[in-house]
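Reading through the structure tokens given below for one structure.
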């Protein structure tokens with residue numbers, strides 16, 4: 498029953514996210530959305546996932562969103578008209594999924610194929626083969642360790658990407674002259690003078706103003 | 010926010026505990042919920058809190074960007090390195106079983122090391138992303 | 118001894134090289150690493166292809182865990198061939214990148230650029246080599262995230278919006294794919310591809326599997342830029358840095374197509390796709406409409422990179438057309454066109470990269486009289502263009518030949534006619550460039566342009582010569598492609 | 529009724545997915561689109577975790593010395609997959625937001641229609 502209530506909350510909050518145009522409010526609701534999601538994960542026995550969802554969804558994502566809003570704007574423009582095509586596309590996708598869930602094994606069914614074929618092996622053998630009681634950790638780090646290596650590479654990619662996109666330019670003679678070319682070129686993007694950013698007063702970042 | 014004395018005191022008090030908790034999550038992940046990823050995020054959060062309360066410049070003194078980028082690479086290299094080490098010990102890539110005398114303790118060691126790699130890179134990436142976002146804002 | 122671990126090294130070498138580049142923080146060093154690693158993976162890919170052709174599929178169990186509990190690599194003639202394409206293109210693009218990157222990207226970012234490039238290579242190779250459905254998603258995201266970043270580094274601010282658009286559409290595609298894999302997992306309880314293929318037979322007629330099939334094909338269709346899901350591609354290719362355009366245009370869509378082939382043929386099975394889902398008809402219609410719509414749009418582009426990007430959408434149409442015949446000849450045509458298109462688009466975009474290097478633009482107006490000022494570059498463009506049209510003695514001819522053959526084999530001569538007709542559209546857009554470059558006088562108020570440096574010309578001409586060589590001697594490409602087609606259709610090989 | 533109880537989790541997932549997807553394709557604000565992507569992806573997490581739930585089960589952490597009574601555990605595999613997917617999601621968000629910041633610096637707006645108007649001008 499708790500499950501249904503939480504899921505209903507989830508639905509309401511996401512409706513609110515769609516409707517509200519103040520992006521600060523939306524981001525805060527996004528944080529609540531993640532917390533609710535995490536509670537549901539706990540009820541569904543996925544404690545590790547819940548932990549991660551809280552840390553990432555309610556924590557890091559929210560901070561990044563707030564930082565972005567501080568750097569951009571927090572009002573969403575009201576669109577001229579409700580576009581019809583996205584609505585149709587969304588409904589077709591949703592209909593296809595409802596159709597797809599019709600034959601899916603019932604929720605919580607211990608004899609569903611998903612719970613019978615590969616999974617029991619982990620539950621039975623992981624303690625013997627790896628000595629780690631948390632099966633999720635055992636599967637994550639060992640049986641499917643290669644996936645986790647890939648996952649870590651994704652995070653690494655994101656780090657490199659953000660540094661490439663937003664990182665402060667190191668002052669080198671070449672980059673300084675390059676900057677002049679870009680400035681005189683006109684059409685090129687200008688990288689607003691981050692290079693000479695002075696350390697004035699060590700005031701907290703804009704992101705922290707929230 | 011440098012004038013908010015309560016925030017500064019509370020932050021100063023709680024940051025060590027946040028870090029300690031991160032380490033607990035990191036090394037207790039074998040037995041309870043948690044693991045490298047969650048620990049990394051929490052560890053990163055400690056730095057983010059520090060930057061929020063004491064300003065980015067002070068935070069950059071504690072964790073300069075060069076050092077953070079260094080750790081971004083180190084974590085991934087540690088993970089991949091464990092895999093390659095398994096190759097040298099005669100196993101398949103990422104086969105931790107060959108790392109120690111018996112298979113189970115090898116697995117245990119391997120899992121510990123790769124989770125550490127995950128923790129290091131995740132924490133460093135989170136710090137790096139937040140610092141670059143914050144730096145862009147001034 | 119080390120040969121047994123080639124499959125792992127294929128992925129791990131670029132994966133380790135990427136953080137190494139960041140650690141060393143030197144642009145030149147990072148470039149050297151990128152070149153060395155690209156050549157290494159190319160060498161390994163050749164070895165793997167030989168091994169597969171000689172002694173059948175290779176399986177490599179990661180972590181020593183047997184499939185389906187662990188993740189395995191499974192290399193057969195299909196993905197060995199795609200590995201060869203991706204790593205081969207990287208082996209010529211990495212040396213080429215040096216000069217263009219120096220010109221287009223701030224020097225202090227070079228090491229990060231090469232790191233992202235290596236990550237993209239890792240992701241693409243990882244998608245191809247793996248035998249695990251979920252692992253495909255992970256590596257798909259590595260390649261996608263790194264390509265978003267790489268595209269956004271273009272000089273024009275439109276590169277940013279192009280990258281953003283690609284990020285949104287790419288994530289939708291990847292999430293659709295994830296939904297599909299989830300539904301498959303719910304019905305089969307496994308993620309290993311070979312295992313799924315076996316266990317899917319029993320539940321083939323459920324609505325869930327049908328929905329899974331739809332989500333996986335649409336998701337991959339987005340990544341593949343299959344018409345009408347191609348909207349992200351033209352701007353992304355047009356505004357990305359030159360080296361990135363060459364690399365992505367020659368590899369990314371092929372990898373997505375490979376993944377689609379793998380899921381449709383190996384996992385779901387050709388019979389299921391033909392009888393239950395009517396996929397063949399859908400694909401054929403989309404392919405033909407895509408070829409014409411994209412080719413016609415290409416004719417009206419004045420930014421030549423954008424023109425070629427639209428042409429890429431059309432070429433994806435040809436590949437998908439080959440697949441949609443569901444016959445050995447058609448699939449051979451589709452698979453061999455992956456290789457051939459990589460060669461021709463690689464050469465063409467390299468030529469444009471050289472033009473951009475000298476002119477700072479690839480606008481048609483500014484290319485007047487370029488045939489005399491940059492003779493080698495423009496001649497490379499001409500041959501690449503001929504290949505795109507499908508003139509005999511180029512690789513393009515081989516692909517079209519097989520497509521027409523496949524159409525006639527089925528007795529669908531109108532399709533054959535449409536393929537020929539669409540080639541005329543390619544003549545139209547290639548001719549516009551040739552006319553401007555060779556039959557107009559260079560603009561007077563601009564400084565004289567000289568030929569591109571050797572470091573750009575050599576990789577470019579390697580691909581140009583490959584266009585001719587594989588247009589004459591088809592024993593390698595057709596041989597492997599035919600075997601791959603047979604193995605996909607379950608006819609052995 | 530049994531059918532409903534057995535499937536409502538999946539339908540909520542479909543509903544959330546549709547909302548997120550709608551925000552992504554219909555809204556012109558670049559930040560909102562990213563938020564939509566987040567909801568869209570989070571709904572898929574719900575799908576996977578629902579697949580792995582076993583009634584009467586507990587979190588898949590092996591309890592030592594449970595005596596004779598066998599303990600039922602929920603399926604750990606979807607949890608592992610979703611841990612990976614969450615990480616991929618936050619990586620995508622971080623990159624997307626970085627792009628939004630750069631777009632805002634280059635165009636002075638984060639509304640899609642205004643940006644495409646500017647792009648049309650030469």
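Protein chains in written order, with our numbering: chain A, 498 to 707; chain B, 10 to 147; chain C, 118 to 610; chain D, 529 to 650.
Even glycine gets a Cβ: it sits at the ideal position worked out from N, Cα and C.
Secondary structure at residue i, three-state DSSP: helix, strand or coil?
{"i": "residue 312/C", "result": "helix"}
{"i": "residue 13/B", "result": "coil"}
{"i": "residue 519/A", "result": "strand"}
{"i": "residue 480/C", "result": "strand"}
{"i": "residue 192/C", "result": "strand"}
{"i": "residue 207/C", "result": "helix"}
{"i": "residue 225/C", "result": "helix"}
{"i": "residue 648/D", "result": "helix"}
{"i": "residue 597/A", "result": "helix"}
{"i": "residue 674/A", "result": "Note that residue 674/A scores 45 on pLDDT, short of 50, meaning its location in the model is unreliable; the coordinates nonetheless yield the value given after this. Helix."}
{"i": "residue 447/C", "result": "helix"}
{"i": "residue 178/C", "result": "strand"}
{"i": "residue 142/C", "result": "coil"}
{"i": "residue 511/C", "result": "coil"}
{"i": "residue 420/C", "result": "strand"}
{"i": "residue 665/A", "result": "coil"}
{"i": "residue 145/B", "result": "helix"}
{"i": "residue 537/D", "result": "helix"}
{"i": "residue 605/A", "result": "strand"}
{"i": "residue 352/C", "result": "helix"}
May I have the straight-line CA-CA distance separating residue i from residue j, to the nearest angstrom?
{"i": "residue 453/C", "j": "residue 309/C", "result": "27 Å"}
{"i": "residue 671/A", "j": "residue 226/C", "result": "Note that residue 671/A scores a pLDDT of 47, beneath 50, so its modelled location is shaky and nothing firm can be said."}
{"i": "residue 580/A", "j": "residue 546/D", "result": "15 Å"}
{"i": "residue 620/D", "j": "residue 336/C", "result": "17 Å"}
{"i": "residue 76/B", "j": "residue 70/B", "result": "10 Å"}
{"i": "residue 450/C", "j": "residue 515/C", "result": "8 Å"}
{"i": "residue 613/C", "j": "residue 597/C", "result": "Residue numbering for chain C in the displayed model covers 118 to 610; residue 613/C lies beyond these limits and cannot be assessed."}
{"i": "residue 419/C", "j": "residue 359/C", "result": "17 Å"}
{"i": "residue 582/C", "j": "residue 277/C", "result": "35 Å"}
{"i": "residue 433/C", "j": "residue 342/C", "result": "7 Å"}
{"i": "residue 628/A", "j": "residue 590/C", "result": "57 Å"}
{"i": "residue 683/A", "j": "residue 287/C", "result": "Legend: pLDDT at residue 683/A = 38, less than 50; position of this residue unreliable, value from coordinates given subsequently. Taking the straight line from one Cα to the other gives about 31 Å."}
In terms of alpha-carbon separation, which member of the options lies closest to residue i?
{"i": "residue 588/A", "options": "553/D, 530/D, 590/D", "result": "553/D"}
{"i": "residue 241/C", "options": "212/C, 366/C, 323/C", "result": "366/C"}
{"i": "residue 565/A", "options": "534/D, 645/D, 631/D, 649/D", "result": "631/D"}
{"i": "residue 124/C", "options": "246/C, 521/C, 520/C", "result": "246/C"}
{"i": "residue 580/D", "options": "633/D, 601/D, 562/D", "result": "601/D"}
{"i": "residue 350/C", "options": "296/C, 273/C, 428/C, 392/C", "result": "428/C"}
{"i": "residue 548/A", "options": "136/B, 31/B, 56/B", "result": "31/B"}
{"i": "residue 642/A", "options": "282/C, 221/C, 329/C, 186/C", "result": "186/C"}
{"i": "residue 340/C", "options": "306/C, 291/C, 316/C", "result": "291/C"}
{"i": "residue 654/A", "options": "438/C, 258/C, 562/C", "result": "258/C"}
{"i": "residue 471/C", "options": "279/C, 574/C, 601/C, 431/C", "result": "574/C"}
{"i": "residue 592/A", "options": "196/C, 319/C, 132/C, 331/C", "result": "331/C"}
{"i": "residue 562/D", "options": "635/D, 549/D, 572/D, 585/D", "result": "549/D"}
Note down, in chain order, every chain A residue with its Cβ under 9 Å from the Cβ of residue i.
{"i": "residue 117/B", "result": "627, 628, 629"}
Using a Cβ cut-off of 8 Å, pull out every chain D residue sitting near residue i, in sequence order please.
{"i": "residue 590/A", "result": "545, 546, 549"}
Can you pull the chain B residues whose beta carbon is under 9 Å from the beta carbon of residue i, in chain order?
{"i": "residue 627/D", "result": "Simply none; closest approach about 12 Å."}
{"i": "residue 132/C", "result": "85, 89"}
Going along chain A in order, which residues have a C-beta closer than 7 Å to the C-beta of residue i?
{"i": "residue 639/D", "result": "574"}
Please list, in chain order, the chain B residues whose beta carbon lies closer than 7 Å to that of residue i.
{"i": "residue 652/A", "result": "130, 131, 134"}
{"i": "residue 622/D", "result": "138"}
{"i": "residue 636/C", "result": "Outside the shown range of chain C, which is 118 to 610, sits residue 636/C, and nothing can be said about it."}
Can you list the residues of chain C that residue i reaches, using a CB-CB cut of under 8 Å?
{"i": "residue 82/B", "result": "136, 137, 139, 140"}
Margin query: Restricting to runs no shorter than 4 residues, where is the alpha helix (DSSP H) found entirely within the stretch 565 to 646 of chain D?
Written below: Counting only runs of 4 or more, we get 604 to 635.
Next item on the list: Quick one: which unbroken alpha helix (DSSP H) runs of 4-plus residues sit fully inside the stretch 269 to 344 of chain C? Chain order, please.
Entry: Those alpha helix (DSSP H) runs which fall completely within the stretch 269 to 344 of chain C and span 4+ residues are 275 to 305, 310 to 317, 324 to 341.
Next item on the list: For the stretch 16 to 65 of chain B, list the alpha helix (DSSP H) runs that are entirely contained and at least 4 residues long, ordered along the chain.
Entry: Counting whole runs of 4 or more residues, the stretch 16 to 65 of chain B contains the alpha helix (DSSP H) stretches 45 to 63.
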